[in-house]
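Colleague:
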Amino acid sequence: KNRKKGRKMSIDLNALKEIIAASVFVVGLLSVLAPLSVINMSDTVFSIGNMMASGVLLSAGLVHQLPDSAKVLDADREE
């Protein structure tokens, strides 16, 4: 019984590996083709997208710093 279960699991695992490999391939292909659509985009749309991306990166950096700054502020408040 255990061998049959092991084989069934390995078949399911292989199918899962194939699905993940195909997904990675599709995402990679889309990532390669995406800049081709950006080349013909107007400067205004490209500039707005660039500003939005920089805002996302800036906010991610600030949110990343919140726990450390909260600890420092709590330590200063206790003193």
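First residue of the sequence shown: 2, per the numbering used here; consecutive thereafter.
All residues carry an ideal CB built from backbone N, CA and C; glycine is no exception.
Which residues mark the beginning and the end of the alpha helix (DSSP H) in which SER70 is found?
Modeller: From DSSP, the alpha helix (DSSP H) with SER70 extends over 44 to 79.
Colleague: Using the three-state DSSP reduction, which class does ASN41 fall into: helix, strand or coil?
Modeller: ASN41: coil per DSSP, three-state reduction.
Colleague: Less than 8 angstroms separating the beta-carbons of VAL39 and PHE47?
Modeller: Yes; because the gap between Cβ atoms is below 8 angstroms, this pair is in contact.
Colleague: Out of curiosity, what's the CA-to-CA distance linking VAL25 and LEU14?
Modeller: In a straight line, the C-alpha of VAL25 is about 16 angstroms away from that of LEU14.
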